[in-house]
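*Asks:* Here's a structure for you.
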Amino acid sequence: MDYSYDKVGYLGTNIPIDHCYECDYDGDFEATEKGFKCPNCGNDNPKTVDVVKRTCGYLGNPVQRPVIKGRHKEICARVKHMKAPKE
Numbered sequence: 001m002d003y004s005y006d007k008v009g010y011l012g013t014n015i016p017i018d019h020c021y022e023c024d025y026d027g028d029f030e031a032t033e034k035g036f037k038c039p040n041c042g043n044d045n046p047k048t049v050d051v052v053k054r055t056c057g058y059l060g061n062p063v064q065r066p067v068i069k070g071r072h073k074e075i076c077a078r079v080k081h082m083k084a085p086k087e
């Protein structure tokens, strides 16, 4: 962060805040070809999941307001550069 303060014009940090209302999982859901699913229980029911992803600089809910096919493919191809600390 110190490096980016002086060297980077814009820095966005995404925190996994997806939530499954069936198993109470909080974290990052798995992006699949059909949408998103809970990595804990496999739930992909749009009525019982809350998924928040950054799209074009804004936070959005692609389950409630689906994105176009190309944008969803881009979300599926995203690479995580940091891992969550082990609990």
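Heads up: the sequence shown begins at 1 in the UniProt record's numbering, then just goes up one per residue.
Using N, Cα and C, we set each Cβ at its ideal position, and we do this for glycine too.
Note that the structure is a prediction, hence the values are computed from the model and not measured.
1) Kindly indicate the opening and closing residues of the beta strand (DSSP E) around K53.
2) Rounded C-beta distance between H19 and D26? I'm assuming under 8 Å.
3) Under 8 Å, do D44 and G35 count as touching if we go by C-beta distance?
4) With H, G and I counted as helix, E and B as strand and the rest as coil, what does DSSP make of Y5?
5) Answer with buried or exposed for A77, where buried requires no fewer than 16 other C-beta atoms within 10 angstroms of its C-beta.
*Replies:* With the structure as the only source:
1) K53 to T55
2) 5 Å
3) yes
4) helix
5) exposed
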